[in-house]
Amino acid sequence: MIQKLFSYLIPIKIFKKKSARSKTIEVTWANGELVLDSENTNYSYGSLQRILRYGLRNIGYDTILKMDHILVLGVAGGSVIKTLVDEIDYKGKITGVEIDSEMIQIANQYFNLNKIEQLELIIDDAFEFVLKTKDQYDLIIIDIFEDIKMPNFLFERFFSERVCSLLKDDGFVLFNTMILDEAHNVRNRKYISEINTTLFSSKMLPRIEVHNELIIIKKVA
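Counting from 1, position 100 in the sequence shown corresponds to residue 100 in the UniProt record's numbering; the numbering is continuous, with no gaps.
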């Protein structure tokens, strides 16, 4: 494809749409791959895929292959789902929760998410879904942004405790956060400090991208 070849020289935008939640959604050929961006940040593939792949590698691909059910809160273009299926060869069930139905249409059209048989996509608010679900999960990936903003509820103690309560024994939470100023550093440290250390261990991974910090929580009891 000529656009793919030229994208090694210059990014080529092939789709752009206004979005109520993300301001603008763009699909672009960049360095030979399709990426999904909002107005001010990468949403899927590109740098975001590298970040979440780094988190999954830290948990361990062998560990992930033994899991039965993974929950993804914030699907966007589905790059972390593609990493799980195409790169790790994960065969278990994946439930993806995305609030923006327009985003899912784009993910299906350009990134073929609807062709992943083990994936169940649910259009819902992550907060509402976490309150309602009766399932338990081996891994919960939280990757929720509205452009460069993260909803406040993600850092509230009630939500984090509810998410952790959905983990099976030895289950993990992989939480992608954005750090733009010192207040965000304080927010992340507070979040970590509120985790129940009797039941869970937690760590922040060294950053591989300037503005993203990954938090990993493991259920130990």
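All C-beta atoms, glycine included, are put in the ideal place defined by N, C-alpha and C.
| Query | Result |
| --- | --- |
| For I104 and D125, the rounded distance between their alpha carbons | 14 Å |
| Closest Cα partner of D170 within the set I179, Q136 and V27 | Q136 |
| DSSP three-state assignment for A76, whether helix, strand or coil | coil |
| Secondary structure, alpha helix (DSSP H): runs of 4+ residues fully inside the stretch 133-208 | 157-165 and 182-193 |
| At least 3 beta-carbon pairs within less than 8 Å: the stretch 112-120 vs the stretch 161-176 | no |
| Spatial distance of S101 from S38 (CA atoms) | 15 Å |
| Within 8 Å, strictly: CB atoms of N176 and I10 | no |
| Sequence-distant residues of the same chain with beta carbon closer than 7 Å to I12, five excluded per side | Q3, F6, T28 and W29 |
| Beta strand (DSSP E) segments (min. 3 residues) lying fully within the stretch 41-124 | 42-44, 69-73, 93-98 and 119-123 |
| Helix, strand or coil at L131 according to DSSP, with G and I counted as helix | helix |
| Status (buried if at least 16 other CB within 10 Å, exposed otherwise) for residue 237 | This structure leaves residue 237 out entirely; the chain is present only between 1 and 221. |
| Exposure label - I64; buried when at least 16 CB within 10 Å | buried |
| V220: first and last residue of the uninterrupted beta strand (DSSP E) it sits in | Where V220 is concerned, there is no enclosing beta strand (DSSP E), given that its DSSP letter is neither H nor E. |
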